[in-house]
Amino acid sequence: MDHLKSRKITRRQFIKGTAVALPLLSSKLPFYGSLAHAAEESDLVIAKNGSASQLLQAAMAPLGGMGRFIKKGQRVVIKANIAWARTPDQACTNNPDLLAALIKMCYDTGAKRVAVWDHTCDNYQFCFSRSGLKETAQKAGADIFSGHGRNSYKQVEVQKGKKVKTVEILRDVLESDVFINFPIPKQHFATELTLGMKNLIGIVWDMEQLHKIGLHQAIADINTIRKTDLVVMDAIRILTTNGPKGPGKTEDIGEVIASTDIVAADAYAAAFFKHPKTGIPFKPEEIQFVKNAYDLGLGQINLSKVRVKKVTAA
Amino acid sequence: MKKAIPYLRRTIQALSFFFLLYLILKTAFPLELKIPVDLYLRLDPFIGIITFLTKKEVILRMLPAFGVLLVVIIFGNFFCGWFCPMGATIDFFDRILFREKKGFKSFNDQSLRRLRYGIFMFSLVAGLMAFQVMYILDPISLITRTLIIAFYPPAIFVFNHFLPQMQHFLPQNSLIASTIPMPLFKVNLLIFLFFVIVLALGVIRKRFWCRYLCPLGTLFSFVSRVRILKRFVTEDCTHCLKCVKDCPVGAIPETNPQEYRQQDCVSCFKCLECPPEAVSFHFGLPRWRTVSGVNLSRRYVLGSLAFGAVSALMIKANPLQSESGLKNNRLIRPPGSLPEEEFVSVCTGCGECLKVCPNNALQSTLLEAGLAGLYTPRLVPRIGYCEEFCNFCGRICPTEAIRPLPIEEKRLLQMGIAHIDKTRCIAWDTEKICLVCNEQCSSQAIIGDDKKRPIIKEEKCTGCGICENKCPVDGESAIIVYASGVQKKLKPEDLNNNKNEVPPSPPRKEKS
Numbered sequence: 010m011d012h013l014k015s016r017k018i019t020r021r022q023f024i025k026g027t028a029v030a031l032p033l034l035s036s037k038l039p040f041y042g043s044l045a046h047a048a049e050e051s052d053l054v055i056a057k058n059g060s061a062s063q064l065l066q067a068a069m070a071p072l073g074g075m076g077r078f079i080k081k082g083q084r085v086v087i088k089a090n091i092a093w094a095r096t097p098d099q100a101c102t103n104n105p106d107l108l109a110a111l112i113k114m115c116y117d118t119g120a121k122r123v124a125v126w127d128h129t130c131d132n133y134q135f136c137f138s139r140s141g142l143k144e145t146a147q148k149a150g151a152d153i154f155s156g157h158g159r160n161s162y163k164q165v166e167v168q169k170g171k172k173v174k175t176v177e178i179l180r181d182v183l184e185s186d187v188f189i190n191f192p193i194p195k196q197h198f199a200t201e202l203t204l205g206m207k208n209l210i211g212i213v214w215d216m217e218q219l220h221k222i223g224l225h226q227a228i229a230d231i232n233t234i235r236k237t238d239l240v241v242m243d244a245i246r247i248l249t250t251n252g253p254k255g256p257g258k259t260e261d262i263g264e265v266i267a268s269t270d271i272v273a274a275d276a277y278a279a280a281f282f283k284h285p286k287t288g289i290p291f292k293p294e295e296i297q298f299v300k301n302a303y304d305l306g307l308g309q310i311n312l313s314k315v316r317v318k319k320v321t322a323a
Numbered sequence: 003m004k005k006a007i008p009y010l011r012r013t014i015q016a017l018s019f020f021f022l023l024y025l026i027l028k029t030a031f032p033l034e035l036k037i038p039v040d041l042y043l044r045l046d047p048f049i050g051i052i053t054f055l056t057k058k059e060v061i062l063r064m065l066p067a068f069g070v071l072l073v074v075i076i077f078g079n080f081f082c083g084w085f086c087p088m089g090a091t092i093d094f095f096d097r098i099l100f101r102e103k104k105g106f107k108s109f110n111d112q113s114l115r116r117l118r119y120g121i122f123m124f125s126l127v128a129g130l131m132a133f134q135v136m137y138i139l140d141p142i143s144l145i146t147r148t149l150i151i152a153f154y155p156p157a158i159f160v161f162n163h164f165l166p167q168m169q170h171f172l173p174q175n176s177l178i179a180s181t182i183p184m185p186l187f188k189v190n191l192l193i194f195l196f197f198v199i200v201l202a203l204g205v206i207r208k209r210f211w212c213r214y215l216c217p218l219g220t221l222f223s224f225v226s227r228v229r230i231l232k233r234f235v236t237e238d239c240t241h242c243l244k245c246v247k248d249c250p251v252g253a254i255p256e257t258n259p260q261e262y263r264q265q266d267c268v269s270c271f272k273c274l275e276c277p278p279e280a281v282s283f284h285f286g287l288p289r290w291r292t293v294s295g296v297n298l299s300r301r302y303v304l305g306s307l308a309f310g311a312v313s314a315l316m317i318k319a320n321p322l323q324s325e326s327g328l329k330n331n332r333l334i335r336p337p338g339s340l341p342e343e344e345f346v347s348v349c350t351g352c353g354e355c356l357k358v359c360p361n362n363a364l365q366s367t368l369l370e371a372g373l374a375g376l377y378t379p380r381l382v383p384r385i386g387y388c389e390e391f392c393n394f395c396g397r398i399c400p401t402e403a404i405r406p407l408p409i410e411e412k413r414l415l416q417m418g419i420a421h422i423d424k425t426r427c428i429a430w431d432t433e434k435i436c437l438v439c440n441e442q443c444s445s446q447a448i449i450g451d452d453k454k455r456p457i458i459k460e461e462k463c464t465g466c467g468i469c470e471n472k473c474p475v476d477g478e479s480a481i482i483v484y485a486s487g488v489q490k491k492l493k494p495e496d497l498n499n500n501k502n503e504v505p506p507s508p509p510r511k512e513k514s
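Below, the structure is given as C-alpha cells:
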C-alpha cells in the first residue's frame, strides 16, 4: 500500500512540476512564445503620420498587438466619446475612421462581440447621428449603445474610492472581458483637460452629481472600479478651446496613443495643451485628477519611468 | 352585402384609430415619415376655420381640411361615423359598457340637440375675437392630446417595468434594450378625467358627445344639410321603428321614420338592415329643408353669440398668468413660437409637440398662460432642455403656432436668458469646482471667472435651458432661465472666440 501511494503524484507535486516544466516547454515553442510575450516592448506607444487605420496598427504593434488583450470569443466594450451632438470635424467626438479601424481590429483578433457605449450629455439620438459614429460602428459590425436607460446600470461600491463610495456603472462595462477606453483629448474649463480618465465619467449614471462631490477626486475614484485594459487615445485632431462641447479651435496633432497605463497616457496627452495663464504646455501634475489617480496607484505619472516608444505609421 | 356594412364600418373605425396611434408613435426622433404625422389635425376643418378667424389668414398646412368639407357635401357626415378616432373610441366604449336595455325609451332630446349649435356659435364669435379655448372640445385635438399626455407615459411605465423582467428570460448580453426615460406631464390627470367624463356621458345616451357637444360634428352637420348621397324610404315601410332604435345618432324621428335629419346622419348605413328592405341610399338633389330640426330661435342664436363674445372678453381680461397677475416670466414658449397673443389664439393644444420633443422639455400649461392659454406648450428646462439641433416641434405643429424654422435659424433664437442664483450655486456658494453649466452650454454663453465660477453672457444665451436641466443642485436648479418676452435672433457665434477668456477687468483706481 505504501509503495503504491508514493507512486501517486500529490497536488503539490503536480503544481511544482508544472511550474518548472512550463517555462521549459514554452521556450521550446519559439513561435507561440514570441507572439505572446516578446513583442511587449513598451507600455505607451505614440504613432504619428498616417491614416487612421495605419496609426492604430502602428501604435498597437509595440504593445504586443491586439492579441495581447483580446482572446478568441471574448466580449469587448469600447467606451467612446460621443457626448455631444457635434460633427466629426469639430473634434468634440471621436474620429469615425479610427473607431471603424478599432472595431475591425477587435473582430480580426477574434472578438465575439464589440459594443460601443457612451452615456451622452446631449440627447443620444442627436449625438449618434450628428457625430456619424452610429453609422460607423454599425457598418463595422459593432453594437452601439447609449446609457440613457437606468436598467443598463448596476450599483457598485467603490472600495478604493476616496470620495465616491457607491455609484451606478454601466453593467456591460463590468461584465465585459476586455474594456477599451477610447477618449479624445479636449480642453475642459472645469478640469483644465478632458483626457482618458475623464472619459470614464460617461459610464456613470449620475454624471452631474460627481461635480457636486468634487470632480477631480471623483474621476480618479471612478477609474478604480474597472481597470482599463487598453487605452487608445484619438489625438488625430484635438479641441483646444471652448471644450468639452465646442465648437472651438482645433489642432491637428495626427497622433494615436495606445497604452496599458491610463495615467501615463493622460500624462503624455496633457502636454498637447498650453496652460491658459502661463502659455507653457501642461505638466501632468498640474492636472489634478491625473495627480489624484497617481496617488491612488492607478498608474505612472512620471513618463521617464514608463517604456515609451514613438513610431511612424507610414 | 348589407349585413357586412356594420362590420366594415367597425373595421375601418378601428383601423382609423390605430392609424392615429401609429402616427403618434411615429411623432418621434428621426421624423422621416412620408405622410405628415399630424395628418388628422390637418384634416380637421373646425381647426381650419377657427385658426382662420383668429389669425385672419389661411394657414397652408390646414388647407386639406377644407377639402374634407367638400367630401362631406357629397357623402354627408361620413367622417364622424367612419373615420373619427374619437367617435371610434366612444362607439367602442358605448358598445362594451353602456349597452341599451331592450325596453329603453328614448327621451325627447329636442332641446339638448341645439346645445352643440350654441357651442359652435360661441366658438365662432370667440374665434373672431382671437380667443380659442373651444379647442379643448375639438375631437381630434382632444383624442391626440389624451393619447399623448394621459396614455403615453403609463405605456412607457409598463414597458420600463416589464423590460428587466423580460430580459431575465433572454440569454445574457444577446440583446441590450434600454428603458426609456419616463415622460412627465403635469396635467395628465386632468386630461384623463375629462376623457373619462366624455366616455361616461354614454350612459345617458349613446354617442352623447357626438350628438350634443362636438363642434366639429356641428360643422359637418351644417355642410351635410346639402348632401348629395341621400336616404330614401319606399312605401314598403311598416313603421317597425327598427331603424329608429338602431340609429347611433338618433337621426330618424320616431313619429316619421320615412324621413331623416340629413344633417345628423353619419352615413353608417345601419338603417339598411330594414326588415321590408324599404331603405336605400342614392344620389339626389340637395335640399336645405329638413324634418324636426333643432329650434334655433333668434333668441338662442343671439344669446350664444353674445355669450361667446362676453366670455372671450372676460377670459382675455383675466390676469391668471402668475401669482401677481402680471407677466409670467417662467413661461418660455417653444422656439419659433408666434408672439404670445397670437400663439395662444392659434395653438390647438393637441400635444403633438409634447410628444415629438426628444427631451420631454415641452409641457402642457394649466393656468400658467391664463385660461386662454389652456393646454398650450411651454418649455420647462428642469424637466428637459431644448435640443440644439432639433426643430421637430415647428415641423409638426399643424397650425404653425410654432413656426417651422430651419435648424440654423432655430438654434440662434433666444427664448429666454439664464440667471444664476449665487446663494445656491455650488461654485459660488462653496469652493468646489462644478461648472456643469459651462460644460453643457451649446452657445458659449456661460464663462467661468478666474475662480472657476460661472458668469452668464446674456447676449449669447438662447435660453435652451440645458444649464438649468443639468445643474447638480438638489431640487430647483441654481441657474434658472427666464423668458425674454419676444423671441429674437442672436448673432451667429464666432468660432475663434474663446468662451473661457475672461475679459480683462478694468484697472482699479488707486486711492488718492
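Protein chains in written order, with our numbering: chain A, 10 to 323; chain B, 3 to 514. Ideal Cβ placement from N, Cα and C applies to all residues, glycine included.
Check: Would you tell me roughly how many angstroms separate the C-alpha atoms of valine 317/A and asparagine 190/A, rounded to the nearest one?; Outcome: 19 Å
Check: Using only CA atoms, which one of Arg332/B, Pro277/B and Glu370/B lies nearest to proline 321/B?; Outcome: Glu370/B
Check: So what's aspartate 243/A in DSSP terms, helix, strand or just coil?; Outcome: strand
Check: Can we count leucine 186/B as close to the ligand GDP, meaning its CB is less than 7 Å from some heavy atom?; Outcome: Within the structure as shown, the ligand GDP is missing, as the structure has no ligands at all.
Check: Mapping DSSP to helix, strand and coil, what is aspartate 275/A?; Outcome: helix
Check: With a threshold of 8 Å between beta-carbons, can phenylalanine 391/B be considered close to chain A, or not?; Outcome: yes
Check: Roughly how many whole angstroms lie between the Cα atoms of valine 187/A and phenylalanine 154/A?; Outcome: 17 Å
Check: Confirm, please, whether the CB-CB distance from isoleucine 404/B to proline 336/B is below 8 Å.; Outcome: yes
Check: Would you say aspartate 186/A reaches chain B, if we count a Cβ-Cβ gap shorter than 8 Å as a contact?; Outcome: no
Check: Could you name the residues of chain B that histidine 157/A contacts, counting a contact when the two beta carbons are closer than 7 Å?; Outcome: Ser180 and Pro183
Check: Against chain B, which members of the stretch 239–256 of chain A pass a CB distance test of less than 8 Å?; Outcome: Thr250, Asn251, Pro253, Lys254 and Pro256
Check: Based on the DSSP output, what are the partners of valine 483/B in its beta bridges?; Outcome: Ala420/B
Check: Quick one: what does DSSP say tyrosine 41/A is sitting in, helix, strand or coil?; Outcome: With a pLDDT of 39 at tyrosine 41/A, under the threshold of 50, the modelled position of that residue is not reliable, and no figure is offered here.
Check: Figure out for me which residue from Val235/B, Leu274/B and Gln265/B has the closest Cα to the Cα of proline 259/B.; Outcome: Val235/B
Check: Going straight from the alpha carbon of tryptophan 290/B to that of histidine 241/B, what length do you get?; Outcome: 25 Å
Check: For a contact meaning CB atoms closer than 8 Å, what does histidine 220/A contact in chain B?; Outcome: Ile428, Lys434, Ile435, Cys436, Leu437, Val438 and Pro474
Check: Out of Ile449/B, Cys82/B, Leu186/B and Arg380/B, point me to the one whose CA is closest to alanine 157/B's CA.; Outcome: Leu186/B
Check: Which of helix, strand or coil does DSSP assign to alanine 67/B?; Outcome: helix
Check: I want to verify the contact list: residues of chain A whose CB lies under 7 Å from the CB of phenylalanine 31/B, in sequence order.; Outcome: Gln134
Check: Checking 8 Å against the spacing of the C-beta atoms, do alanine 56/A and valine 265/A come in under that value?; Outcome: yes
Check: Listed from N- to C-terminal order along the chain, which residues in the stretch 145–171 of chain B have their beta-carbon within a distance smaller than 7 Å of any beta-carbon of chain A?; Outcome: Leu165 and Pro166
Check: Within the same chain, show all residues whose beta-carbon is closer than 7 Å to that of cysteine 239/B, passing over the 5 residues directly before and after it, in chain order.; Outcome: Pro259, Gln260, Pro278 and Ala280
Check: Candidates Leu17/B, Lys28/B, Arg11/B and Leu22/B: which alpha carbon is nearest phenylalanine 394/B's?; Outcome: Lys28/B
Check: Counting C-beta neighbours from all protein chains within 10 Å, is the total for serine 161/A 16 or more, i.e. buried, or is it exposed?; Outcome: buried
Check: Is it the case that the Cβ atoms of serine 347/B and glycine 83/B are separated by a distance below 8 Å?; Outcome: no
Check: Since glutamine 365/B is in the beta strand (DSSP E), which residue starts that stretch and which ends it?; Outcome: 364–366
Check: What span of residues does the beta strand (DSSP E) with aspartate 152/A cover, start to end?; Outcome: 152–155
Check: What residues match up with alanine 124/A in a beta bridge as DSSP calls it?; Outcome: Val86/A and Asp152/A
Check: Rounding to the nearest angstrom, what Cα-Cα distance links arginine 11/B and isoleucine 51/B in this structure?; Outcome: 28 Å
Check: Does any C-beta atom of chain B lie closer than 8 Å to the C-beta of alanine 199/A?; Outcome: yes
Check: What are the start and end residues of the alpha helix (DSSP H) that includes lysine 472/B?; Outcome: 468–472
Check: Specify, as a first and last residue, the run of the beta strand (DSSP E) that proline 155/B falls within.; Outcome: Unbroken run through proline 155/B is the alpha helix (DSSP H), 154–171; no beta strand (DSSP E).
Check: Taking all protein chains shown into account, decide if valine 160/B is buried (16 or more other Cβ within 10 angstroms of its Cβ) or exposed.; Outcome: exposed
Check: I'd like to know if leucine 224/A contacts chain B, where contact means its C-beta is closer than 8 Å to some C-beta of that chain.; Outcome: yes
Check: Relative to chain A, which residues along the stretch 459–472 of chain B have a C-beta separation below 7 Å, given in chain order?; Outcome: Lys472
Check: Check each candidate in Cys466/B, Gln265/B and Leu55/B and name the one with the smallest Cα separation from leucine 334/B.; Outcome: According to the sequence displayed, residue 334/B carries isoleucine and not leucine. It is Cys466/B whose Cα lies nearest to the Cα of isoleucine 334/B.
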